[in-house]
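One structure is given below, encoded as structure tokens.
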Amino acid sequence: MDATFLMNSLWVMLGAILVIFMLGGFIMLEAGSTRMKNAGHIAGKTIFTFGLASLVFWAVGFGFIFGDNANFLVGLSNFFYSGAELEGMSLSSPVFFVFQLAFAGIAITIALGGFAERAKLSVYLIFTLLFSAIVYPVVAHWIWGGGWLAEHGKQDFAGSTVVHLTGAMAALAATILLKPRIGKFNKDGSANNIYGHNQVYTALGVLILWVGWFGFNAGSTLSVEDGFFGFVALNTNLAAGAGAVAALIISWMVMGKSDVPTMLNGALAGLVAITASCAFVDTWASVVIGLVAGILVFYSVRFFEKRKIDDPIYALSVHGAAGIWGTLSTGFFATPELATVGKPGLFYGGGFEQLGVQFMGVAVSGIYAFAVSFIILAVAKKLMGGLRVTEEEEIMGLDLSEHGSYGYPEVFMAEENKRLSS
Amino acid sequence: MDATFLMNSLWVMLGAILVIFMLGGFIMLEAGSTRMKNAGHIAGKTIFTFGLASLVFWAVGFGFIFGDNANFLVGLSNFFYSGAELEGMSLSSPVFFVFQLAFAGIAITIALGGFAERAKLSVYLIFTLLFSAIVYPVVAHWIWGGGWLAEHGKQDFAGSTVVHLTGAMAALAATILLKPRIGKFNKDGSANNIYGHNQVYTALGVLILWVGWFGFNAGSTLSVEDGFFGFVALNTNLAAGAGAVAALIISWMVMGKSDVPTMLNGALAGLVAITASCAFVDTWASVVIGLVAGILVFYSVRFFEKRKIDDPIYALSVHGAAGIWGTLSTGFFATPELATVGKPGLFYGGGFEQLGVQFMGVAVSGIYAFAVSFIILAVAKKLMGGLRVTEEEEIMGLDLSEHGSYGYPEVFMAEENKRLSS
Amino acid sequence: MDATFLMNSLWVMLGAILVIFMLGGFIMLEAGSTRMKNAGHIAGKTIFTFGLASLVFWAVGFGFIFGDNANFLVGLSNFFYSGAELEGMSLSSPVFFVFQLAFAGIAITIALGGFAERAKLSVYLIFTLLFSAIVYPVVAHWIWGGGWLAEHGKQDFAGSTVVHLTGAMAALAATILLKPRIGKFNKDGSANNIYGHNQVYTALGVLILWVGWFGFNAGSTLSVEDGFFGFVALNTNLAAGAGAVAALIISWMVMGKSDVPTMLNGALAGLVAITASCAFVDTWASVVIGLVAGILVFYSVRFFEKRKIDDPIYALSVHGAAGIWGTLSTGFFATPELATVGKPGLFYGGGFEQLGVQFMGVAVSGIYAFAVSFIILAVAKKLMGGLRVTEEEEIMGLDLSEHGSYGYPEVFMAEENKRLSS
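If you read the protein sequences in the order shown, they are chains Z, L and P. Quick note on numbering: UniProt numbering labels position 379 of the first sequence as 379, and the sequence is numbered without any gaps. Quick note on numbering: UniProt numbering labels position 66 of the second sequence as 66, and the sequence is numbered without any gaps. Quick note on numbering: UniProt numbering labels position 318 of the third sequence as 318, and the sequence is numbered without any gaps.
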């Protein structure tokens with residue numbers, strides 16, 4: 001077995017491990033961005049939905065995306081994947097499988113952001129099952145599995161569309177059907193800030209995501225060839241830094257204080273945006289893409305809030321708005337040298353052609369993800385007597401209502417604990 | 001130096017780093033599963049016991065496990081390891097050393113789970129010293145260092161027995177000698193639930209452990225050959241996912257609510273169980289092994305609680321019960337193609353032979369680890385005037401009694417802090 | 001492209017990722033070591049200062065350190081680095097760039113430790129900009145970029161001087177100009193202990209740093225040659241373990257209780273100290289270097305406190321005192337076989353020559369970093385009407401004063417939150 005095959009396998013294995021570590025980032029980001037009474041639930045559900053998504057991906061997801069005998073929607077082989085080496089791969093097939101499984105796990109995790117602080121536990125289970133089986137794999141097949149968008153030269157290096165936009169559109173469907181959390185909007189239409197309970201968690205979460213993104217983006221080279229992954233990592237880091245700085249400054253200028261969650265969202269928006277373009281653009285363009293993403297996320301959060309759409313963990317803005325911007329950005333900035341998929345962007349004399357393809361990819365993928373997610377949840381709402389816990393349970397918190405114990409027992413059960421330990 | 005040697009070194013170095021990172025998982029898992037008043041102590045002791053175990057492993061542990069001139073119990077060379085390349089290795093010897101050191105660090109960390117919330121700090125020091133010198137190295141020598149169990153074809157790919165069961169049996173010895181925490185059991189024999197104080201910590205801890213386990217299991221290939229580590233990683237992830245899902249569902253069915261700590265224990269039990277078998281079984285078998293582990297851990301926790309054995313961090317169930325199941329599982333599921341050590345399992349026509357070897361390995365290793373740990377602690381109890389802090393200190397918390405400061409000063413010293421900052 | 005080039009790139013990419021992950025360690029270490037009212041600020045600023053430092057390093061830092069046409073202070077090419085392959089490199093240039101960028105990020109993070117709990121947000125921004133442009137790059141150029149200290153054979157394998165001492169001297173300048181926090185010192189000159197608010201955070205932070213240090217030190221081989229990175233990792237781990245154990249014991253002996261933060265500082269001091277020497281000394285010497293560092297940090301903290309220098313996150317002792325000791329240690333312990341840079345140490349018959357070079361390096365680098373940082377901050381103090389928030393803001397906490405929201409809203413806004421959720 002030649003050294004390149006083994007080095008590719010090693011590199012992508014590291015990538016897969018980093019992407020799975022991103023779930024730790026989401027645990028901290030989501031728990032930190034929500035309230036104490038839901039913290040155990042929020043943190044715990046990330047683990048078991050990833051567990052469930054792993055099993056679904058093994059059973060059908062991988063086969064749908066990359067299988068042979070594909071129809072318009074999906075491929076049809078390699079279900080219940082055995083770990084066998086597949087043909088035509090330049091790295092270990094099980095490594096490639098685990099890497100792809102990790103991406104599917106991130107997509108569902110983003111989607112579930114829209115359910116936060118009010119959906120029933122059973123809804124999490126059912127949506128994880130169906131999203132991982134029939135929403136994510138279709139978009140992934142179209143763009144990465146050799147489907148029709150791939151044939152059109154759609155550029156999405158590591159998944160601004162496939163992972164982030166798909167997840168965000170599912171989150172949008174969920175948050176529309178679930179309706180806003182109690183107390184988020186007043187009768188006059190104005191919004192209250194329901195503060196997350198721990199900014200240290202949020203910051204650690206963002207840092208873990210930043211680190212994991214080197215696996216997400218640079219790992220998507222699927223190869224060590226030319227050491228090109230280093231260039232991808234460099235662009236990734238620049239966009240993240242630019243996003244954080246831009247969001248800090250815009251928040252300071254507009255609000256008079258630099259808001260910590262906004263700045264953290266800026267870093268994430270930079271990362272989401274550069275995900276599509278990291279392999280196709282120059283370093284200065286990465287800085288620009290990140291700066292725009294950092295400003296965009298600030299205004300996007302305001303946009304959704306004004307429309308009375310409650311987005312507790314900012315999934316719509318961070319993964320949706322920045323995901324769209326990132327996907328379109330290659331249509332502007334992809335250089336002739338780097339655009340190994342599709343065509344160069346507008347600013348490099350490529351005209352509007354690639355921009356058009358990118359726009360089409362965003363539109364079709366976004367509509368598909370939104371529509372199917374909406375149907376799944378609308379049907380579930382009917383069959384399950386609602387998606388949402390009762391008003392009483394929501395006020396009590398999902399830790400208690402869905403799991404029967406507090407995430408922070410000593411905070412909520414101070415009296416009982418004192419009795420036990422004395 | 002050939003490329004394979006260097007790639008093996010690189011891969012196992014990554015593995016070692018991931019296994020050492022698992023200590024971060026234990027810090028969060030253990031701190032989250034126990035009370036606020038002991039949190040600084042629990043978190044801090046993980047660092048210094050790993051530090052001490054590192055020094056002991058360097059001085060004698062490595063030599064006992066892998067040294068030449070071995071007697072029945074241990075090898076006898078390479079003490080105070082210089083970093084020199086050893087003969088017959090297909091990877092850098094210092095890399096192999098650090099990888100093995102990390103495993104020894106995990107074993108003592110598991111063992112100390114049984115001491116939680118009541119043992120004196122000095123007991124931690126002494127037990128770390130002796131466990132790392134004469135308990136763990138003997139079992140590791142028998143199975144991985146070319147000892148008699150290795151000669152019998154004992155299958156334990158990454159340490160369900162060597163690391164997890166050994167640690168758990170030491171924890172059992174400790175928890176028996178230490179007796180239950182104040183308030184755990186009522187006079188009528190019924191048990192109280194002493195809740196851990198932070199489920200976000202616990203969930204992050206489990207995710208870090210999950211990530212680290214790719215180093216633990218897939219790193220144990222000690223080689224990049226054929227990219228086989230990818231297959232091991234795949235099996236590892238499937239078992240973890242299955243364990244989490246199974247524990248969630250069994251908890252929901254039996255208790256009416258899906259308990260978060262139980263679900264998290266399920267993921268860990270899946271990981272512990274697949275540790276022995278990850279390189280020897282098919283992917284579907286990994287799912288089965290994980291599912292069984294997730295159910296097993298739920299009933300095992302109840303089993304120990306009924307017998308009035310107080311196991312604060314579930315070491316006995318997660319690492320003990322699932323460690324035994326994992327070791328035995330290869331006797332059922334090892335395939336003819338993959339069983340490069342020992343024989344195929346019962347379900348593949350291998351008869352009861354391998355199952356017998358596995359059972360013997362579990363029994364002998366478990367008894368050795370329990371007996372020697374028990375003797376060490378029983379002697380220490382005599383010589384040190386007890387293993388346990390006073391009742392007053394236990395109620396006050398070990399942060400204050402053993403270290404002289406609170407882990408959460410602003411919670412416990414609200415008054416004094418306000419004075420200082422005004 | 002040959003396999004060694006690709007393996008080097010892969011290894012150093014992993015190193016870079018680990019070093020960037022260290023920022024997560026600093027988030028937890030710093031947040032845990034300070035008070036709740038400043039926690040969101042402390043955690044968040046680590047993200048955006050790294051973002052800003054990344055952009056500065058891309059624009060000018062890298063060119064100053066490693067550029068061609070160097071004058072006495074800096075090099076002068078490769079500004080706004082394009083990602084192009086540079087001449088004479090045995091690994092991917094963008095990978096090398098990201099690795100170096102990460103080091104610059106750690107240096108500014110250490111420096112900002114001296115600003116904790118009282119500096120204005122705008123001061124963070126300005127100092128990050130200038131330190132990253134004209135302080136760190138000069139020292140790094142002198143020692144790693146082929147400057148005059150490199151020509152003298154200065155040994156600093158991974159940056160005890162370049163990163164840790166430079167950061168610590170900037171922190172010293174800051175803490176002198178900012179003056180102590182309110183409540184730190186009494187009128188009679190005695191010191192109060194302003195406790196950090198969360199030892200679990202601190203312990204997790206230290207563990208993350210420990211893990212990241214394998215990238216920092218072993219990654220600094222910049223090569224997989226001979227698998228030598230394993231030896232560097234081994235020395236790193238031994239020194240960290242020895243530092244933790246030594247600090248635990250000295251604290252216990254002197255204070256009667258083993259202090260958790262002291263023990264954690266011991267581990268870090270061991271890591272800082274071995275950073276210079278990890279590639280040049282025997283394993284036993286690593287243990288000695290770590291032991292001395294662990295004891296040194298305990299007395300150093302007392303030393304600064306007695307001189308009424310307020311060092312909230314112990315940057316001066318952990319990175320400064322241990323950084324000096326580590327740099328000098330190679331002058332004692334560097335062996336003839338391993339001293340590929342400079343000369344063997346005093347204990348190996350090298351006489352005082354190397355020790356003299358090490359001392360000169362420490363003195364010149366330390367003075368430069370202190371003096372320039374002091375001037376920057378003194379000028380800023382004039383121009384900005386002070387470096388420090390008002391007394392009222394400091395008491396209120398920087399989360400609210402600098403960012404307009406609490407890091408822990410439910411702790412500080414218990415009343416308002418209850419209203420919202422009911």
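Idealized CB from N, CA, C, for every residue including glycine.
{"Check": "CB contact flag (Ser9 (chain L), Val95 (chain L), <8 angstroms)", "Outcome": "yes"}
{"Check": "Beta-ladder partner(s) of Ala119 (chain L), from DSSP", "Outcome": "L:Arg388"}
{"Check": "Euclidean distance between Cα positions of Arg181 (chain P) and Ala133 (chain P)", "Outcome": "28 angstroms"}
{"Check": "Short CB-CB distance (under 8 angstroms) between Gly40 (chain P) and chain Z", "Outcome": "yes"}
{"Check": "The segment 307 to 315 of chain P contacting the segment 328 to 336 of chain P, beta-carbon criterion three pairs below 8 angstroms", "Outcome": "no"}
{"Check": "Reference Arg307 (chain P); option with closest CA among P:Leu91, P:Ser92, P:Asn186", "Outcome": "P:Asn186"}
{"Check": "Near-chain L residues of the segment 183 to 206 of chain P (beta-carbon distance less than 7 angstroms), N- to C-terminal order", "Outcome": "Gly183, Asn192, Ile194, Tyr195, His197, Asn198, Gln199, Val200, Ala203, Leu204, Val206"}
{"Check": "Arg302 (chain L) - containing alpha helix (DSSP H), residue span", "Outcome": "283 to 306"}
{"Check": "Close beta carbons around Ala233 (chain P), own chain, < 6 angstroms, minus the five adjacent residues each side", "Outcome": "Phe214, Ala218"}
{"Check": "Every unbroken alpha helix (DSSP H) within the segment 237 to 273 of chain L, with a cutoff of 4 residues, ordered by chain", "Outcome": "none"}
{"Check": "Cβ-based burial, Met13 (chain Z) [other Cβ within 10 Å; buried from 16]", "Outcome": "buried"}
{"Check": "Straight-line gap, Phe57 (chain L) to Ala16 (chain L) (C-alpha atoms, nearest Å)", "Outcome": "15 angstroms"}
{"Check": "N-terminal and C-terminal residue of the alpha helix (DSSP H) that Pro344 (chain P) is part of", "Outcome": "Pro344 (chain P) -> no alpha helix (DSSP H), and no H or E assigned at all."}
{"Check": "Phe185 (chain Z) in three-state terms, based on DSSP", "Outcome": "strand"}
{"Check": "Nearest neighbour of Val411 (chain P), chosen from P:His197, P:Ala104, P:Ala273, P:Ala269 [CA to CA]", "Outcome": "P:His197"}
{"Check": "Residues, ordered as in the chain, of the segment 393 to 409 of chain L that lie near chain P by beta-carbon distance below 8 angstroms", "Outcome": "Asp399, Glu402, His403, Gly404, Ser405, Tyr406, Gly407, Tyr408, Pro409"}
{"Check": "Interfacial residues, the segment 260 to 283 of chain L to chain Z, with Cβ spacing under 9 angstroms", "Outcome": "Val260, Pro261, Met263, Leu264, Gly266, Ala267, Gly270, Asp282, Thr283"}
{"Check": "Cβ of Phe214 (chain Z) within 8 angstroms of any chain P Cβ", "Outcome": "yes"}
{"Check": "Residues in the segment 31 to 65 of chain Z having any Cβ partner in chain P nearer than 9 angstroms", "Outcome": "Arg35, Met36, Lys37"}
{"Check": "Separation of Val74 (chain P) from Gly404 (chain L), as counted between CA atoms", "Outcome": "49 angstroms"}
{"Check": "Where Val98 (chain Z) meets chain L, residues with beta-carbon distance less than 7 angstroms", "Outcome": "Gly230, Ala233, Leu234, Asn237"}
{"Check": "Boundaries (first-last residue) of the alpha helix (DSSP H) holding Tyr408 (chain Z)", "Outcome": "Segment: none, Tyr408 (chain Z) is in no alpha helix (DSSP H) and carries neither H nor E."}
{"Check": "Residues within the segment 8 to 20 of chain P neighbouring chain L, beta-carbon criterion of under 9 angstroms", "Outcome": "Leu10, Trp11, Leu14, Leu18"}
{"Check": "Through-space distance from Val260 (chain Z) to Leu238 (chain L), alpha-carbon basis", "Outcome": "37 angstroms"}
{"Check": "Residues of the segment 240 to 251 of chain P whose Cβ lies closer than 8 angstroms to any Cβ of chain L, in chain order", "Outcome": "Ala240, Gly241, Ala242, Gly243, Ala244, Val245, Leu248"}
{"Check": "Chain-ordered chain L contacts of Leu387 (chain Z) [CB-CB under 7 angstroms]", "Outcome": "Simply none; closest approach about 17 angstroms."}
{"Check": "Beta-carbon separation (whole angstroms), Gly159 (chain P) vs Thr275 (chain P), contact threshold 8 angstroms", "Outcome": "6 angstroms"}
{"Check": "Cβ separation of Gly63 (chain P) and Leu76 (chain P), assumed to be a contact under 8 angstroms, to the nearest whole Å", "Outcome": "7 angstroms"}
{"Check": "Straight-line Cα distance separating Gly366 (chain P) from Leu29 (chain P)", "Outcome": "24 angstroms"}
{"Check": "Which of helix, strand or coil DSSP assigns to Ala70 (chain P)", "Outcome": "coil"}
{"Check": "Limits of the alpha helix (DSSP H) - the one that Asn8 (chain Z) falls within", "Outcome": "3 to 33"}
{"Check": "Chain-order list of residues whose beta-carbon lies under 6 angstroms from that of Leu209 (chain P) (same chain, five-residue window excluded)", "Outcome": "Met22, Gly25"}
{"Check": "Closer than 7 angstroms at the beta carbon, the chain P residues around Phe80 (chain L)", "Outcome": "Trp284"}
{"Check": "Exposure of Asp2 (chain Z), with buried meaning 16 or more beta-carbon neighbours within 10 Å", "Outcome": "exposed"}
{"Check": "The segment 65 to 72 of chain Z / the segment 135 to 142 of chain Z touching (three or more Cβ pairs under 8 angstroms)", "Outcome": "yes"}
{"Check": "Ala334 (chain P) in three-state terms, based on DSSP", "Outcome": "coil"}
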